[in-house]
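Novice: Structure in structure tokens, see below.
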Amino acid sequence: MKITHRLLTAAALTLVVSACTTPPAPVSTVSPPAVLPVAQLERGVQIVLPDTVLFETGKADIHSGQAQAYLERIAYLLITKTEKIVSVEGHTDNVGSTSYNQKLSEQRALAVKKVLLDLKVPEQRIVTLGYAYQHPVASNATEEGRKFNRRTELIVLDEKLENMTRGEAANSFEAAFSRLKGLIEQGLLQAPDK
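Quick note on our numbering: the sequence shown kicks off at 127 and runs consecutively.
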């Protein structure tokens, strides 16, 4: 009887102690901040959405899952690092007419503007422009080149790169179009016709 009582007491204590243990911490699913392609231009700081979030032919829909981290990072920088105006500039490949591509490039810029507004960037600080296929960054002779030309760039007007990057982790930024330039240098992609 004493042994049964002791076994029951030991079992009860084991259950009580195991119930008090802290469950393991959940594994974080938060992705690291997006690395932004940036450059200092004469007219301001250029921020380019990377090629993983570029548009499909004839579409102005943002690849929301892939673009979200980048657009959140851009909104954070626009809200915390500058009070300057940002020009959101849409571009297309050369598939279709000039008027069609002009409208499409404007729609792409507006799609990015909408996301920035949803992320609390003040509307009065955002202007949009569409350039159709007037400013290609790669040759439109191949699908790969056309893919790079279907893009939206943001220019923080009259801003300096050091102001936008001050206090940020060194690995948070990369040179704009670095992958594109590498592909052109390797002969895997043609530069745009000038």
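All residues carry an ideal CB built from backbone N, CA and C; glycine is no exception. From a predicted model like this one, the values you see are computed outputs, not experimental measurements.
1) Around the C-beta of Y226, are 16 or more other C-beta atoms found within 10 angstroms, so that it is buried, or is it exposed?
2) Ignoring anything shorter than 4 residues or poking outside the region 217 to 277, list the alpha helix (DSSP H) runs there in chain order.
3) Please classify E209: does DSSP put it in a helix, a strand, or coil?
4) Can you give the Cα-Cα distance for L162 and T183, rounded to whole angstroms?
5) Leaving aside the five residues before and after N275 along the sequence, list all residues of the same chain whose C-beta is less than 7 Å from its C-beta, in chain order.
6) When you compare each of E279, E168, G308, L245 to T206 by their alpha carbons, which one comes out closest?
7) With DSSP as the reference, please indicate the residues paired to Q172 in a beta bridge.
8) If you measure between the beta carbons of V221 and L280, is that distance less than 9 Å?
9) Provide the residue(s) that pair with A301 in DSSP beta bridges, ordered along the chain.
10) H182 by DSSP, collapsed to three states: which one?
11) I need the boundaries of the alpha helix (DSSP H) containing E288, first residue and last residue.
12) Cutting at 7 Å between CB atoms, please list the residues of its own chain near Q194, excluding the five before and the five after it.
Specialist: In short, the structure shows the following:
1) Looking at its Cβ environment, which holds fewer than 16 other Cβ atoms inside 10 Å, Y226 is exposed.
2) 224 to 244, 269 to 275
3) coil
4) 23 Å
5) So the qualifying residues of the chain are H217, T218, D219, Y259, P262, V263, A264, N266.
6) L245
7) A165, I281
8) no
9) Looking at the DSSP assignment, A301 forms a beta bridge with V164.
10) A quick correction: the sequence has Glu, not His, at residue 182. Coil at E182, not helix or strand.
11) 287 to 291
12) none
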